[in-house]
Amino acid sequence: MKVLVATDKPFAKVAIDQIREVIEGAGFELALLEKYGDKANLLNAVTDAEALIVRSDIIDAEVFDAAKKLKIVVRAGAGYDNIDLAAATAHGVCVMNTPGQNSNAVAELVFGLLVYTVRNFYNGTSGTELKGKRLGIHAFGNVGRNVARIAKGFGMEIYAYDAFCPKEAIENEGVKAVGSTEELYEKCDIVSLHIPATAETKNSINYALVGKLPKGGILINTARKEVINEPELIKLMTERSDIRYVTDIMPAAHQEFCEKFAGRYFSTPKKMGAQTAEANINAGIAAAKQIVAFINEGCERFKVNK
Numbered sequence: 000m001k002v003l004v005a006t007d008k009p010f011a012k013v014a015i016d017q018i019r020e021v022i023e024g025a026g027f028e029l030a031l032l033e034k035y036g037d038k039a040n041l042l043n044a045v046t047d048a049e050a051l052i053v054r055s056d057i058i059d060a061e062v063f064d065a066a067k068k069l070k071i072v073v074r075a076g077a078g079y080d081n082i083d084l085a086a087a088t089a090h091g092v093c094v095m096n097t098p099g100q101n102s103n104a105v106a107e108l109v110f111g112l113l114v115y116t117v118r119n120f121y122n123g124t125s126g127t128e129l130k131g132k133r134l135g136i137h138a139f140g141n142v143g144r145n146v147a148r149i150a151k152g153f154g155m156e157i158y159a160y161d162a163f164c165p166k167e168a169i170e171n172e173g174v175k176a177v178g179s180t181e182e183l184y185e186k187c188d189i190v191s192l193h194i195p196a197t198a199e200t201k202n203s204i205n206y207a208l209v210g211k212l213p214k215g216g217i218l219i220n221t222a223r224k225e226v227i228n229e230p231e232l233i234k235l236m237t238e239r240s241d242i243r244y245v246t247d248i249m250p251a252a253h254q255e256f257c258e259k260f261a262g263r264y265f266s267t268p269k270k271m272g273a274q275t276a277e278a279n280i281n282a283g284i285a286a287a288k289q290i291v292a293f294i295n296e297g298c299e300r301f302k303v304n305k
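Here it is in structure tokens:
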């Protein structure tokens, strides 16, 4: 049984050491393909792999065509839109993610970005505090729950909306549940996005929705680039000089945002929500354990394709 870790952006050595311990401890072979650059290197490496661990690497139909022995792919992380699920299903391959392993890292980044924003990007001028502000959490999954936990320490008033999470489950966490996305944006000074990129959510964060934020509203996106309707957000921010947008996913229109909204917009150079040593290690080990459980026990707990 050969398990390939294929990461153009490699795991930390300590993570690889622990992944190896799990995989080889189960009697499997571990192979590494790191910083592979050209896709041809990936296609060559997967030919005899029966299991695959990836990060943000693109695993498309061409990869599945090349990987004749592949049984399972695990994305070390929560998001899995880099994997062609339809192609995986067509090839009889199980795809899993590792939900929850990066959640605290992303949640902490939310507050790093928020403090930076409300203090006017540390430009020396007088800013505001987060205490007492109304925070809206758009999607109350693993990350959203960690955001709520941290927000309590800041003394914020916390609201959440999640179409798939019961009101009782939200309120059991000490968070006020609202009945719609529109209500969330109307009520809150700050909205933090944690929705996945799906057919329903792509471009859903638009002019009409973000426009419901009260004066001085902040939108923070550590979820996915695709959920933002960039032309409509640019239109709104042009019309409303009080709206601010901060993200760790650089927009396609990054240069236009920079030029038009200096002092009201910030993006990190690349997505970095899960870029901590702890999250790196946690997700990698979880991926290895899920592969072992799948092969040895048929466990499909975190399967994301049908």
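As numbered in numbering that gives the first Met the number 0, residues 0 to 305 make up the sequence shown, in order.
Every residue gets a Cβ at the ideal spot worked out from N, C-alpha and C, and that includes glycine.
Please name the residue, chosen from the options, that lies closest to residue i on a Cα-to-Cα basis.
i	options	result
Leu113	Thr221, Pro268, Pro230	Thr221
Glu258	Val226, Ile233, Ser125	Ile233
Leu32	Val53, Ile22, Ala65, Gly283	Val53
Leu41	Ala66, Ala147, Arg19, Glu49	Ala66
Ser102	Val72, Val142, Ala252	Val142
His137	Val190, Asp37, Phe301, Ile284	Val190
What would DSSP say about residue i, mapped onto helix, strand or coil?
i	result
Leu84	helix
Thr275	coil
Glu199	coil
Lys224	helix
Asn171	coil
Gly93	In the sequence under discussion, the amino acid at residue 93 is Cys, which differs from the Gly named in the question. Strand at Cys93.
Ile52	strand
Ser102	helix
Ala5	strand
Ala251	coil
Tyr184	helix
Leu218	strand
Phe63	helix
Val291	helix
Go ahead and label residue i buried or exposed: buried means 16 or more other beta carbons lie within 10 angstroms of its beta carbon, across all protein chains shown.
i	result
Lys68	exposed
Asp16	exposed
Gln100	buried
Glu277	exposed
Asn145	buried
Glu181	exposed
Arg263	buried
Arg74	buried
Is residue i a contact residue of the ligand ATP, with contact defined as CB to any heavy atom under 7 angstroms?
i	result
Ile157	Inclusion of the ligand ATP in the displayed structure is not the case, the ligand content being empty and no account of it being possible.
Every unbroken beta strand (DSSP E) inside the region 110 to 158 [3 residues or more]: 133 to 137
Touch test, the region 163 to 178 against the region 188 to 199, Cβ-Cβ under 8 angstroms, three pairs minimum: no
Contact between the region 266 to 275 and the region 120 to 133 (3+ Cβ pairs under 8 angstroms): no
Touching by the beta-carbon criterion (3+ pairs, under 8 angstroms), the region 230 to 245 and the region 198 to 218: yes
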